[in-house]
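First comes the structure, then the notes that go with it.
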Amino acid sequence: MDHSDTDNAKYAKDNLTRITTNIARALSRQGALFKTVTANVCKGYVQANIVMLPSKHSKNFAEFCRINSGPLPVLFASERGQFDAPTLTRSTPSDIRTDLEAYDVIENAKYSRTVPNLDEYTEELKDFCFYYLGSSVSFNDRLLSAGIPLRYYDENGDVANTSKYKLSVTCRLDDVRVKDTDFTIDPAGT
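In this note's numbering, the protein residues as written are 481 to 670.
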């Protein structure tokens, strides 16, 4: 990171709503956003939810998303071992191993721990595909400007945490049905 990015990153930590995605990635790479709620970060930019899975499951997951594109809109799907998302970034390349605020590690189908980056897993991740799914956080400003209150914003307009609900929504995938999928829903002031 050059000197100007360092200066920008120092300023940006206190002004997260107005920073660019390049600065957000720089802050994440420094660990400065570790476990930060990012719903208010980089206002005006599209945010994504990330799904990382072994490449052997990629084709099935892609089909699952295609058939269920409403709750699972794919913004970008990587090739096996591809750590950047070039169509989603303009100047500074992204790196899925370092650019998020935190990563939950799942081992043996159970939550293990939360880490600030995935550098220690680089070799394993070379056999993974990464899906960037559209996030409802991307249109919070439109809802707020239309006068629709969002319960998870405090009186200062800061995000305490994004609301999540477990619903019994059935998604289709040919003959396989998946139930009790987690979806993020923005309650309209209820």
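We put the CB at the ideal spot given by N, CA and C, even for glycine.
Only a predicted model underlies this, so the values are computations on that prediction, with no experimental measurement involved.
Item: Kindly give me the distance between the Cβ atoms of Asp599 and Thr578, rounded to whole angstroms, as I take these residues to be in contact under 8 Å.; Value: 7 Å
Item: At which residues does the beta strand (DSSP E) containing Leu507 begin and terminate?; Value: It is not in any beta strand (DSSP E) - Leu507 instead sits in the alpha helix (DSSP H) that spans 501-510.
Item: Which residue marks the beginning of the beta strand (DSSP E) containing Cys609, and which one marks its end?; Value: 608-614
Item: What is the DSSP secondary structure of Arg622, reduced to helix, strand or coil?; Value: helix
Item: By Cβ distance below 6 Å, which residues in the same chain neighbour Ser592 in space, the five residues on each side in sequence not counted?; Value: Val585
Item: Counting C-beta neighbours from all protein chains within 10 Å, is the total for Ala519 16 or more, i.e. buried, or is it exposed?; Value: buried
Item: Excluding the five sequence neighbours on either side, which residues of its own chain have a C-beta within less than 7 Å of the C-beta of Lys606, listed in chain order?; Value: Gly561
Item: For the alpha helix (DSSP H) containing Ser538, list its first residue and its last residue.; Value: 538-547
Item: Kindly indicate which three-state DSSP category Pro667 falls into: helix, strand or coil?; Value: Any reading at Pro667 needs caution, since the residue's pLDDT is 36, under 50, leaving its predicted position unreliable; the model's value is listed next. Pro667 falls in the coil class under three-state DSSP.
Item: What residues are listed by DSSP as bridge partners for Ala557?; Value: Tyr611
Item: According to DSSP, what are the bridge partners of Glu587?; Value: Lys590
Item: Leaving out five residues before and five after Ser625 in sequence, what residues of the same chain have Cβ atoms less than 6 Å from its Cβ?; Value: none
Item: Can you tell me whether Asn588 is buried or exposed? The criterion is at least 16 other CB atoms within 10 Å of its CB, across all chains shown.; Value: exposed
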